[in-house]
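Engineer:
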Amino acid sequence: MRCKNLAILAIILSTLASTPKTKATLIHDIEATQGYSNEHGIRLQDSQDNLLEGIMPVFDKYSGDLNVKFKLKNVGDFTEETTPQGFISNTTNPSAYSWSHNHTTLTPGQYKYRERNVDLSKLENGIHTIRVGAELDGDTNPNNNYRERNINLVPEPSTLAFLAAAAIALSKRRRK
Ligand SMILES: [Ca+2]
C-alpha cells in the first residue's frame, strides 16, 4: 500500500514538473507618481521657490508664476511614448488653462520630471483644480495616469487694501 502511494506521489510530482509555467502578462502602464513631492504627487512652488504646502494652499495670483512639477514613470514592460499635459479648472470654467510638455519617451522603469511655470494672473479668484499627467493608448491601469491638487487663488494684498480704502471713501461720501 505504501509503495502504491509513493508511486502516485511520484506521478503527481512528475506531472507538476512537466507542466509549463504560465508566462507573466506584459502590460503597458505609465503613472504620475503618487508619492512624489509635497502633496498628491504634484509639487507647487511660488516664484521665490517656496513650497506651497497643505491640502489647498493659497496663492496670490499676481505674485509671479506658479511652478507645477510632477514625476512621470513607466511602470509597465514596454518602451512608451507620450505627451504629458496639464490642466487647470474651476467650477465655472472646466478648461480655464492648459498646457502640453514635449513628447516624452520612457523605457520600462524609467521616470522623468516635468514642470511648467504657469501665469495665473488671468484666472478668476477662487478654488482651482490642477491636473497633470499623460495619456497612453492601451494603458492597463489608466487610473494612475493623472494626479490632481487644489489651490485657492486670491487677489494681491494691495488690491484688497485698495478695495477696502475705496469702500471706506465711498461710505464717507454717502454720509455727507
Ligand atoms: Ca497607467
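So for the sequence shown, this note's numbering puts the first residue at 20; every next one is plus one.
Backbone N, C-alpha and C define an ideal beta-carbon position, used for all residues, glycine too.
Fair warning: this is a prediction, and the values are worked out from it, not measured in the lab.
1. If you measure from each residue's Cβ to the nearest non-hydrogen atom of ligand 1, which ones come out under 6 Å, in chain order?
2. Should the region 89-99 be regarded as contacting the region 68-79, the criterion being three or more beta carbon pairs within less than 8 Å?
3. Quick one: Cα of Ala51 to Cα of Trp118, how far?
4. Just to confirm my understanding: we take Arg62, look at its own chain, exclude 5 residues before and 5 after, and list those with CB closer than 6 Å. What are they?
5. Can you give the Cα-Cα distance for Thr102 and Ala186, rounded to whole angstroms?
6. If you count every other CB in all the chains shown that lies within 10 Å of the CB of Ile146, and 16 or more means buried, which is it?
7. For the region 134-146 against the region 155-162, do three or more pairs of beta-carbon atoms, one drawn from each stretch, fall closer than 8 Å, so that the two count as touching?
8. Pick helix, strand or coil for Leu189, following the three-state DSSP scheme.
9. Taking the alpha-carbon positions, what's the Ala115 to Arg150 distance?
10. Does Asn162 come out as helix, strand or coil in the three-state DSSP assignment?
11. Can Gly105 and His122 be called in contact, C-beta distance under 9 Å?
12. Could you have a look at Ile149 and say whether DSSP puts it in helix, strand or coil?
13. Just tell me which of Tyr165, Ser82, Asn162 and Gln53 has its CA closest to the CA of Gln64.
14. Cutting at 6 Å between CB atoms, please list the residues of its own chain near Gln129, excluding the five before and the five after it.
15. Do you know offhand how far Thr124's Cα is from His47's?
16. Which residue's Cα is closest to the Cα of Arg135: Leu172, Leu85 and His59?
17. Please report the distance separating the alpha-carbon of Leu10 from that of Lys80.
Structural biologist: Concretely, from the data shown:
1. Asp48, Ile49, Glu50, Asp158, Asn160, Pro161, Asn163 and Asn164
2. no
3. By one-based count along the sequence shown, residue 51 stands at place 32. By one-based count along the sequence shown, residue 118 stands at place 99. Spanning the two alpha carbons is a distance of roughly 16 Å.
4. Residue mapping note: residue 62 aligns to position 43 of the sequence shown, counting from 1. Hits under 6 Å: Ser56 and Lys88.
5. Counting from 1 along the sequence shown, the entry for residue 102 is found at position 83. Counting from 1 along the sequence shown, the entry for residue 186 is found at position 167. So the alpha carbons of these two residues sit roughly 48 Å apart.
6. As a working mapping, residue 146 is identified with position 127 in the sequence shown. Exposed.
7. Between the region 134-146 and the region 155-162, the count of C-beta pairs closer than 8 Å stays below three; the two stretches do not touch.
8. Position 170 of the sequence shown holds residue 189. Residue state for Leu189 is assigned as helix, using DSSP reduced to three classes.
9. Taking the sequence shown and counting its residues from 1, one reaches residue 115 at position 96. Taking the sequence shown and counting its residues from 1, one reaches residue 150 at position 131. Roughly 12 Å separates the two Cα atoms.
10. The residue labelled residue 162 in the question sits at position 143 within the sequence shown. Correct three-state label for Asn162: helix.
11. By 1-based counting over the sequence shown, the position of residue 105 is 86. By 1-based counting over the sequence shown, the position of residue 122 is 103. Their beta carbons are not under 9 Å apart, which means Gly105 does not touch His122 by this criterion.
12. Position 130 of the sequence shown, counting from 1, holds the residue named residue 149. DSSP places Ile149 in strand when its eight states are reduced to three.
13. Taking the sequence shown and counting its residues from 1, the one referred to as residue 64 is at position 45. The residue with the shortest Cα to Cα distance from Gln64 is Ser82.
14. Against the sequence shown, residue 129 aligns to sequence position 110. Closer than 6 Å at Cβ, skipping near neighbours: Asn93.
15. Your numbering for residue 124 matches position 105 in the sequence shown. Your numbering for residue 47 matches position 28 in the sequence shown. Distance from the CA atom of Thr124 to the CA atom of His47, rounded to whole angstroms, is 13 Å.
16. Along the sequence shown, one-based indexing puts residue 135 at 116. Nearest C-alpha to Arg135: Leu85.
17. There is simply no residue 10 to check, as the chain begins at 20 and stops at 195 in what is shown.
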